[in-house]
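Asks: Quick note, the sequence shown lines up with residues -21 to -1, 1 to 140 if you use mature numbering (1 follows the signal peptide of the UniProt record, and there is no 0). Quick reminder that beta carbons are idealized off the backbone N, C-alpha and C, glycines included. Just so it is clear, the structure is predicted and the values come from calculations on it, not from any experiment.
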Amino acid sequence: MIKRFNLRSAFIVFAALMLMAGISSCSKEVIQTNKLVGDQLTAGRLDGTWAKPTNIVTPTNVPAEIFGSMRLVFTTDGSGNPSKFIAKDCPIVFNDGTMGSWKITGTADSAKVNLTGITPVDDFNVKVSASFLTISFYMGWENTETKATGKGNFKVTLARQ
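1) Could you check where the beta strand (DSSP E) with threonine 28 kicks off and where it finishes?
2) To the nearest angstrom, report how far apart proline 61 and threonine 86 are at their CA atoms.
3) Assign glycine 119 to one of three DSSP states: helix, strand, or coil.
4) Taking C-beta to C-beta, are serine 80 and threonine 98 nearer than 8 Å?
5) Got a sec, what are the start and stop residues for the beta strand (DSSP E) threonine 128 sits in?
6) Ignoring anything shorter than 4 residues, give me the alpha helix (DSSP H) runs that lie fully in the stretch 53 to 108, in order along the chain.
7) DSSP state of threonine 21, grouped into three classes?
8) Could you tell me which residues DSSP puts in a beta bridge with phenylalanine 111?
9) If we ignore side chains and look at the alpha-carbon of each, how far apart do phenylalanine 53 and serine 115 end up?
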């Protein structure tokens, strides 16, 4: 009888411990939105790799090929602030493969990115969603084949990778 009571007590204690462990492991970790503010939130939306240019807009006589196979990488530091920027496969717009840094101001719907260590384009406007990034900028250009020159607005949409 005592053996049966001890076995039953041990089972109840074991079941209670398992129940408490299960409940504590299922508790949700609350996201603390007050830690990131303003530009950090926008930088977080931009953080990642963007590629596959579409919806290209260029001035007349400027071929869409100036964007090449554009691939842009934005990183943030542990605090959510902008950190590194790398552009690949678009040497006419950005130095190909050069790493620089970036800063952002504004919101996801209308922000401005400033680059350091990257040329010829060192600032541009962005609109970012969960899946797409649209960059636009104004710059001077020269068509090396026709020798035509000018200034104009450029725009391209990239997909999140």
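Replies: Result, derived from the coordinates:
1) For threonine 28, the enclosing beta strand (DSSP E) covers residues 27 to 36.
2) Cα to Cα, proline 61 sits roughly 14 Å from threonine 86.
3) Reduced to three states, the DSSP call for glycine 119 is strand.
4) Not in contact: serine 80 and threonine 98 (Cβ atoms no closer than 8 Å).
5) Note, threonine 128: beta strand (DSSP E), 128 to 139.
6) Segments of the alpha helix (DSSP H) lying fully in the stretch 53 to 108: there are none.
7) DSSP places threonine 21 in the helix class (H, G or I) of the three-state scheme.
8) Answer is Ala138, bridged to phenylalanine 111.
9) The straight-line gap from Cα to Cα measures roughly 16 Å.
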